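Let me begin by presenting the structure, written as structure tokens, before commenting on it.
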Amino acid sequence: MIIGEQKPFKELCALLDGHKEILVAGCRSCVAICLAGGEKEVGVVAESLRLYSDLNGKEWRVDEVTVERQCEKEFVLDLIERTKGKDAVLSLACGVGAQSVQSLYPGIRVLPGLNTSNMGAPEEQGVFVEKCGGCGDCVLHLTGGICPIVRCAKSLLNGPCGGSQNGKCEISPDVPCAWDQIYHSLERLGRLDLLEELIPPKNWLPSRSGGPRKIVRPEAVLTPVEKELRGAKE
Amino acid sequence: MRIIGYICDHAAYSAADLAGQSGLRYSSDVVLIRLPCAGRLDIIQVLKAFRDGADAVFVAGCLEKNCHHVYGNIEARKRMEQAKGILDAIGLNGKRLEMFNLASNQDFKFKEIVDMMVKRVEELGRNPLAVRA
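As you go down the protein sequences, you meet chains S and R in turn.
Per this note's numbering, the first sequence starts with residue 1, numbered consecutively.
Per this note's numbering, the second sequence starts with residue 235, numbered consecutively.
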């Protein structure tokens, strides 16, 4: 899931300055799980903005809505009625969601209410940890199911480094050493032999340095005729 | 002056009731709202109260480790801490909001809570939205 956190309230107010008709738009997917932009958080932010507006004479009219997934056109298109007359949408979705809204409603300013951080998972209630770097060339099969790209501070493919001390990384005593975890995971799996296999320099071409990545599944792409037959939304 | 007290049905409401039966006098500026549990209270309801002109809000639940709903009072306290931060950021002093724990036989403590919140409003001044209204 994508993990994000709300921008500080004062920053939200600064973003909205100069606007009057505001829609706070949340997303029921990842950001709801990480308690940043679900229905409840939308309610709190919207009510906080109304209170701030009343106290400071901003005359903001703040409406609120939460869609199933702000990253998908089908759900964002449901906002047509709710965005009418609005001059700003404060998106409490991840950066993907905010961009989807902006692309479908180009005449309305979409403002990011969250700082999108990473792809990770809830470690325990209220704690979210990055797990995947989206490098496009997965090596989890060699590393006992633990990603060395994001979970090792140096992204070492043949670790650990000299900074691994008692299972912790030298960057912080709170950060476990990924290569210590990899060792123990492979030990549990009875596959320590994999550590003897040198992982060669990684192919970074599918990673972020080549511009925005795109995956096309030709068998799923609809031809213009199929789109017309199925009544697909443009 | 208008103070809203969100009080749980078990300990806090009983304490308020006992305060009445015991003849303890407390400010009539307090409006009490009975909740099934303090943990039922959401930040939104607190913010709405301030938007509607409340000068202060307090939440009263069972004593810690003695909540009728096991951990509702702890949830409520966490939420109220968050709400205090929001109030500070908005520009309404977070001290206008307070969470308390008490037992059903602590009628005197209920009176103390109300007295404390009245004093706090006197120190902080009225909610500008209440004055405007």
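Yeah, the Cβ is synthetic: ideal placement off N, Cα and C, and Gly gets one too.
Please read all numbers here as calculations on a predicted model, not as lab measurements.
Scan the stretch 270-358 of chain R and note each continuous beta strand (DSSP E) run of 3 residues or more that stays entirely inside, going in chain order. 290-295 and 331-335
Between the stretch 311-325 of chain R and chain S, which residues of the former have CB atoms less than 7 angstroms from a CB of the latter, in chain order? 320, 323, 324 and 325
List the residues that DSSP assigns as beta-bridge partners of residue 91/S. 25/S and 112/S
So, using beta-carbon positions, are residue 310/R and residue 253/R closer together than 8 angstroms? no
Chain S beta carbons: is any one of them nearer than 8 angstroms to that of residue 275/R? no
The stretch 284-309 of chain R: which residues have C-beta closer than 9 angstroms to a C-beta of chain S, in chain order? 284 and 285
Could you tell me which chain S residues have their CB closer than 7 angstroms to the CB of residue 278/R, listed as they occur along the chain? 43, 44 and 47
By the 10 Å Cβ neighbour count, where 16 or more other Cβ atoms means buried, how is residue 264/R classified, buried or exposed? buried
Separation of residue 341/R from residue 297/R, as counted between CA atoms: 14 angstroms
State yes or no: is the beta carbon of residue 329/R nearer than 8 angstroms to at least one beta carbon in chain S? no
According to the neighbour-count rule (16 or more other Cβ atoms, all chains shown, within 10 Å of its Cβ), is residue 64/S buried or exposed? buried
Endpoints, beta strand (DSSP E) assigned at residue 63/S: 61-67
Rounded to whole angstroms, what's the CA-CA distance from residue 109/S to residue 89/S? Just pull it up for me. Each residue's alpha carbon lies about 6 angstroms from the other.
Interface residues of the stretch 126-150 of chain S facing chain R [CB-CB below 7 angstroms]: none
Where the alpha helix (DSSP H) through residue 224/S begins and ends: 224-230
Whole angstroms are fine: how far does the CA of residue 257/R sit from the CA of residue 115/S? 54 angstroms
Less than 8 angstroms between CB atoms is the rule here; does residue 50/S satisfy it with respect to chain C? The chain labelled as chain C is not found among the protein chains of the depicted structure, namely S and R.
Does residue 15/S come within less than 8 angstroms of chain R when only Cβ atoms are used? no
Residue 286/R versus residue 238/R: straight-line alpha-carbon distance, rounded: 11 angstroms
List, in chain order, every chain R residue whose beta-carbon is nearer than 8 angstroms to that of residue 55/S. Simply 324, 325, 326, 362 and 363.
For residue 289/R and residue 314/R, the rounded distance between their alpha carbons: 16 angstroms
Tell me, which residues are paired with residue 268/R by DSSP? 241/R
Beta-carbon gap between residue 330/R and residue 291/R smaller than 8 angstroms: yes
Proximal residues to residue 348/R (C-beta, below 7 angstroms), its chain only, five neighbours per side dropped: 260, 261 and 264
Residue 10/S touches chain R at which residues, Cβ-Cβ below 8 angstroms? 323
Using the three-state DSSP reduction, which class does residue 166/S fall into: helix, strand or coil? Coil.
Sorted by chain position, which residues of the same chain lie with C-beta nearer than 8 angstroms to residue 222/S's C-beta, five sequence neighbours on each side aside? 230 and 232
Where does residue 263/R fall in DSSP's three states? coil
Report back the beta-carbon spacing between residue 207/S and residue 136/S to the nearest angstrom; my notes put them in contact at under 8 angstroms. 5 angstroms
From 317/R, 300/R and 354/R, pick the residue whose C-alpha is nearest to that of residue 283/R; which is it? 317/R
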